[in-house]
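Novice: I have a structure I would like to understand better, so I am pasting it below and will then ask my questions one at a time.
Protein chains: 2
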Amino acid sequence: MPYDPSAFPPFAVTVDLVVLTVRRHALCALAVRRGESPFQGRWALPGGFVRADEDLSQAAARELAEETGLHAHDPSTPAQDNGAHLEQLATYGDPDRDPRMRVVSVAHLALAPDLPAPRAGGDASNARWAPVEELLQQGGYGRDGEPVAPLAFDHAQILADGVERARSKIEYSSLATAFCPPEFTVGELRRVYEAVWGVALDPRNFHRKVTGTPGFLVPTGGTTTRQGGRPAQLFRAGGATLLNPPMLRPEV
Amino acid sequence: MPYDPSAFPPFAVTVDLVVLTVRRHALCALAVRRGESPFQGRWALPGGFVRADEDLSQAAARELAEETGLHAHDPSTPAQDNGAHLEQLATYGDPDRDPRMRVVSVAHLALAPDLPAPRAGGDASNARWAPVEELLQQGGYGRDGEPVAPLAFDHAQILADGVERARSKIEYSSLATAFCPPEFTVGELRRVYEAVWGVALDPRNFHRKVTGTPGFLVPTGGTTTRQGGRPAQLFRAGGATLLNPPMLRPEV
DNA sequence: GATCATAGTCGTCTTCCTGACGATAAACAC
DNA sequence: GTGTTTATCGTCAGGAAGACGACTATGATC
Numbered sequence: 005m006p007y008d009p010s011a012f013p014p015f016a017v018t019v020d021l022v023v024l025t026v027r028r029h030a031l032c033a034l035a036v037r038r039g040e041s042p043f044q045g046r047w048a049l050p051g052g053f054v055r056a057d058e059d060l061s062q063a064a065a066r067e068l069a070e071e072t073g074l075h076a077h078d079p080s081t082p083a084q085d086n087g088a089h090l091e092q093l094a095t096y097g098d099p100d101r102d103p104r105m106r107v108v109s110v111a112h113l114a115l116a117p118d119l120p121a122p123r124a125g126g127d128a129s130n131a132r133w134a135p136v137e138e139l140l141q142q143g144g145y146g147r148d149g150e151p152v153a154p155l156a157f158d159h160a161q162i163l164a165d166g167v168e169r170a171r172s173k174i175e176y177s178s179l180a181t182a183f184c185p186p187e188f189t190v191g192e193l194r195r196v197y198e199a200v201w202g203v204a205l206d207p208r209n210f211h212r213k214v215t216g217t218p219g220f221l222v223p224t225g226g227t228t229t230r231q232g233g234r235p236a237q238l239f240r241a242g243g244a245t246l247l248n249p250p251m252l253r254p255e256v
Numbered sequence: 005m006p007y008d009p010s011a012f013p014p015f016a017v018t019v020d021l022v023v024l025t026v027r028r029h030a031l032c033a034l035a036v037r038r039g040e041s042p043f044q045g046r047w048a049l050p051g052g053f054v055r056a057d058e059d060l061s062q063a064a065a066r067e068l069a070e071e072t073g074l075h076a077h078d079p080s081t082p083a084q085d086n087g088a089h090l091e092q093l094a095t096y097g098d099p100d101r102d103p104r105m106r107v108v109s110v111a112h113l114a115l116a117p118d119l120p121a122p123r124a125g126g127d128a129s130n131a132r133w134a135p136v137e138e139l140l141q142q143g144g145y146g147r148d149g150e151p152v153a154p155l156a157f158d159h160a161q162i163l164a165d166g167v168e169r170a171r172s173k174i175e176y177s178s179l180a181t182a183f184c185p186p187e188f189t190v191g192e193l194r195r196v197y198e199a200v201w202g203v204a205l206d207p208r209n210f211h212r213k214v215t216g217t218p219g220f221l222v223p224t225g226g227t228t229t230r231q232g233g234r235p236a237q238l239f240r241a242g243g244a245t246l247l248n249p250p251m252l253r254p255e256v
């Protein structure tokens with residue numbers, strides 16, 4: 005007996021992306037300006053419909069490539085190329101979240117090293133990296149004094165969930181290296197933690213922790229002075245994906 | 005301009021439930037027998053279609069109540085009544101996961117205290133609590149020597165993900181109390197950890213850890229000897245939901 | 001009723017990890 | 001050279017956890 009399609013209500017399924025990076029010591033997210041109603045002209049997270057023959061992760065990887073040019077690599081492999089870390093975040097399906105129709109959005113979280121200016125269909129004015137605090141403050145004023153409209157739809161909630169996921173996950177995994185270029189110094193990795201958590205960490209204890217955890221960092225042999233000061237050893241991300249014991253986030 | 009419904013492919017959206025409990029020192033999941041094709045007669049996770057006016061969490065709570073009689077309480081509140089903990093797990097949307105049509109399933113994880121026999125539309129033979137190892141072993145043999153068919157659809161993967169979520173989450177949260185009755189002893193809580201992790205824990209160190217963590221356990225004043233031996237203090241779950249530092253899962 | 005098995009609770013000791021912080025090293029700017 | 005910046009090594013005290021001894025209070029058994 006063939007299945008009766010009238011037995012269930014039809015949904016549209018989309019993927020939305022929380023793409024995070026660290027720029028100028030701040031945790032930033034990719035935002036795109038909406039060109040059409042609803043929420044026309046407002047900032048939103050990038051995303052789009054899942055196609056009929058696509059898996060959810062494929063759809064997310066496709067949207068990520070379209071918006072940033074980044075290619076995602078499998079979450080099970082460590083970040084060693086220039087690709088971004090991509091993982092499913094959560095699914096949002098409030099019946100009223102989109103005024104047009106019933107849309108269920110499967111949000112994904114992407115972590116990327118610092119990138120050149122974003123592109124959104126070639127139009128740079130319609131995509132930007134914005135500090136997450138700026139995107140999350142409701143009805144406040146941005147860095148330039150302009151009033152800031154909240155993100156479209158429920159994207160402020162999605163972004164907040166993505167930021168919280170990233171903040172907690174770098175505690176017990178080597179995920180912070182996804183924010184770094186393929187080779188990086190201990191200091192650069194520490195600045196990632198400081199930016200994501202919004203705290204200052206002791207450079208000496210941090211150095212002891214990350215270099216003392218087996219499999220976390222692999223020295224490449226090279227050094228760099230791109231941060232100024234004494235030359236620092238360069239490392240690549242090691243095979244270890246779980247940090248045990250975890251890196252402790254300082255109390256507020 | 006109204007939205008063009010032909011611009012996106014229609015999906016069916018379901019919720020599937022990983023309902024876990026601890027019975028006879030084993031982590032068990034609720035399984036229901038499928039009455040119709042595909043996978044007719046095979047065991048599967050309970051679930052169903054999301055209705056047109058329902059949020060995803062509402063749909064999950066409704067399915068949970070239909071299958072078990074349990075009512076879910078908000079995840080932000082600690083487990084103090086007999087309700088189950090319910091949280092979203094992940095979403096599964098492979099184009100071929102259901103041979104009938106394109107179905108996206110938003111899986112949820114429910115943790116419940118030990119319950120009387122399950123009910124599935126009043127027919128007990130179509131629902132049971134089964135140890136998760138039994139449900140996850142592919143093509144093996146169950147406790148009674150009967151051959152075990154793998155779960156229907158991609159439900160083995162969903163169950164594995166739910167079990168892993170539960171195993172990791174009791175490390176750093178007070179979620180293990182969701183497996184306990186409203187009042188419980190330290191030993192009962194320890195047996196929950198032992199069943200979920202499949203390890204043996206030192207009773208003395210465990211006692212020190214959980215009673216020494218502020219806000220985790222609140223003594224009720226009563227005692228019980230239902231586990232035999234010396235009477236044990238009864239506790240309720242305290243307000244603390246996060247354990248810091250976490251309970252450490254022993255190495256394999 | 002004495003003995004035993006069971007489970008709960010309190011302490012001790014050692015080891016490891018962390019946070020705080022002093023000190024040294026190697027580059028660049030002037 | 002002097003000062004500044006960043007990296008790296010070392011020391012010390014406090015806290016948490018694993019290993020484990022000891023004692024307590026029940027019920028079960030002979």
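Chains as they are written, first to last, in my numbering: chain L, 5 to 256; chain Z, 5 to 256. Don't be surprised by glycine CBs; every beta carbon is placed ideally from N, CA and C. Small disclaimer: the values here were computed from a predicted structure and weren't measured.
Rounded to a whole number of angstroms, what is the C-alpha to C-alpha distance between residue 73(L) and residue 228(L)?
Specialist: Approximately 27 Å between the Cα atoms of the pair.
Novice: For residue 44(Z) and residue 207(Z), I'd like the C-alpha separation in whole angstroms.
Specialist: Rounded to whole angstroms, residue 44(Z) to residue 207(Z) spans 45 Å at the Cα level.
Novice: Please report the residue range of the alpha helix (DSSP H) in which residue 198(Z) lies.
Specialist: Residue 198(Z) -> alpha helix (DSSP H) spans 190-201.
Novice: Under 8 Å by Cβ, that's how I've got residue 136(Z) and residue 17(L) pegged, so tell me the actual separation to the nearest angstrom.
Specialist: Not a contact, Cβ separation roughly 29 Å.
Novice: Shorter than 8 Å from the beta carbon of residue 222(Z) to some beta carbon of chain L?
Specialist: So no, residue 222(Z) is outside the interface.
Novice: Taking a contact to mean a Cβ-Cβ separation below 8 Å, would you say residue 199(L) touches residue 35(L) in this structure?
Specialist: Taking 8 Å as the Cβ cut-off, residue 199(L) and residue 35(L) do not qualify as a contacting pair.
Novice: By the criterion of Cβ-Cβ separation under 7 Å, what are the contact partners of residue 98(L) in chain Z?
Specialist: Here the neighbours are 59.
Novice: Taking Cβ positions only, does residue 239(Z) come closer than 8 Å to chain L?
Specialist: Not closer than 8 Å to any Cβ of chain L, the Cβ of residue 239(Z) fails to qualify, so no.
Novice: Could you list which residues in chain Z have their beta carbon closer than 7 Å to that of residue 92(L), in chain order?
Specialist: Simply 94 and 95.
Novice: May I ask you to report which of helix, strand or coil DSSP gives residue 49(L)?
Specialist: Residue 49(L): coil per DSSP, three-state reduction.
Novice: Along the chain, where does the alpha helix (DSSP H) containing residue 159(L) start, and where does it finish?
Specialist: Per DSSP, residue 159(L) belongs to the alpha helix (DSSP H) from 159-176.
Novice: Please identify the residue among 240(Z), 232(Z), 205(Z) and 212(Z) whose C-alpha is closest to the C-alpha of residue 222(Z).
Specialist: Residue 222(Z) has its Cα closest to that of 240(Z), out of 240(Z), 232(Z), 205(Z) and 212(Z).
Novice: Give the DSSP-derived three-state secondary structure of residue 250(L) in the structure shown.
Specialist: The answer is coil: DSSP assigns residue 250(L) none of H, G, I, E or B.
Novice: Looking at chain L, is there any beta carbon in it that lies within less than 8 Å of the beta carbon of residue 15(Z)?
Specialist: Yes, residue 15(Z) lies at the interface with chain L (some Cβ there is under 8 Å from its Cβ).
Novice: Within 8 Å of any Cβ in chain Z, is that where the Cβ of residue 38(L) sits?
Specialist: Closer than 8 Å: no.
Novice: Name the one or two DSSP bridge partners that residue 154(Z) has.
Specialist: The partner list for residue 154(Z) (beta bridge, DSSP) is empty, contrary to what the question assumes.
Novice: Helix, strand or coil, according to DSSP, for residue 211(L) in the structure here?
Specialist: Note: residue 211(L) maps to helix in three-state DSSP.
Novice: Nearest-angstrom Cα distance between residue 230(Z) and residue 209(Z)?
Specialist: The straight-line gap from Cα to Cα measures roughly 22 Å.
Novice: Name, please, each residue of chain Z whose Cβ falls closer than 8 Å to the Cβ of residue 66(L).
Specialist: Result: empty, since nearest Cβ-Cβ is about 14 Å, beyond 8 Å.
Novice: In this structure, how does DSSP classify residue 91(L) when only helix, strand and coil are distinguished?
Specialist: It is a strand residue.
Novice: On a Cα-Cα basis, can you pick out the residue from 14(L), 153(L), 191(L) and 162(L) that is closest to residue 234(L)?
Specialist: Answer by Cα proximity: 191(L).
Novice: Closer than 8 Å by C-beta to residue 54(Z): which residues in its own chain qualify, once you throw out the five before and the five after it? Chain order, please.
Specialist: Within the same chain, residue 54(Z) has close Cβ partners 17, 18, 19, 60, 63 and 110.
Novice: From the beta carbon of residue 22(Z), is the nearest beta carbon of chain L less than 8 Å away?
Specialist: Output row for residue 22(Z): interface = no.
Novice: When you compare only the Cα positions, how much space is there between residue 41(Z) and residue 197(Z)?
Specialist: Going by the C-alpha atoms only, they are around 38 Å apart.
Novice: Apart from the five residues just before and just after residue 171(Z), which ones in its own chain have a Cβ nearer than 8 Å to its Cβ?
Specialist: Excluding positions up to five away in sequence, the list reads 200, 201 and 253.
Novice: Determine, using beta carbons only, whether residue 169(Z) comes closer than 8 Å to chain L.
Specialist: False, the Cβ-Cβ gap to chain L never drops below 8 Å.
Novice: Quick one: residues in its chain with C-beta nearer than 8 Å to the C-beta of residue 14(L), no 5 flanking neighbours on either side, listed in chain order?
Specialist: So the qualifying residues of the chain are 106.
Novice: From the beta carbon of residue 56(L), is the nearest beta carbon of chain Z less than 8 Å away?
Specialist: Chain Z, which has a Cβ nearer than 8 Å to the Cβ of residue 56(L), makes this yes.
Novice: At 8 Å on the CB atoms, spell out the chain Z contacts of residue 110(L), in chain order.
Specialist: Correct list: 95, 97 and 108.
Novice: Taking Cβ to Cβ, would you say residue 238(Z) is nearer than 8 Å to residue 178(Z)?
Specialist: Cβ atoms of residue 238(Z) and residue 178(Z): not closer than 8 Å.
Novice: Indicate whether at least one CB of chain L lies closer than 8 Å to the CB of residue 12(Z).
Specialist: Yes, residue 12(Z) lies at the interface with chain L (some Cβ there is under 8 Å from its Cβ).
Novice: What separation, rounded to the nearest whole angstrom, lies between the Cα atoms of residue 217(L) and residue 47(L)?
Specialist: The straight-line gap from Cα to Cα measures roughly 41 Å.
Novice: For the candidate residues 134(L), 49(L) and 67(L), whose alpha-carbon lies nearest to that of residue 26(L)?
Specialist: The candidate whose alpha carbon is nearest that of residue 26(L) is 134(L).
Novice: In the DSSP assignment, what residue or residues form a beta bridge with residue 109(L)?
Specialist: Residue 109(L) is bridged to 18(L) and 96(L).
Novice: Taking residue 225(L) as the reference, give the member of 188(L), 176(L), 212(L) and 161(L) with the closest Cα.
Specialist: The shortest Cα separation from residue 225(L) among 188(L), 176(L), 212(L) and 161(L) belongs to 188(L).
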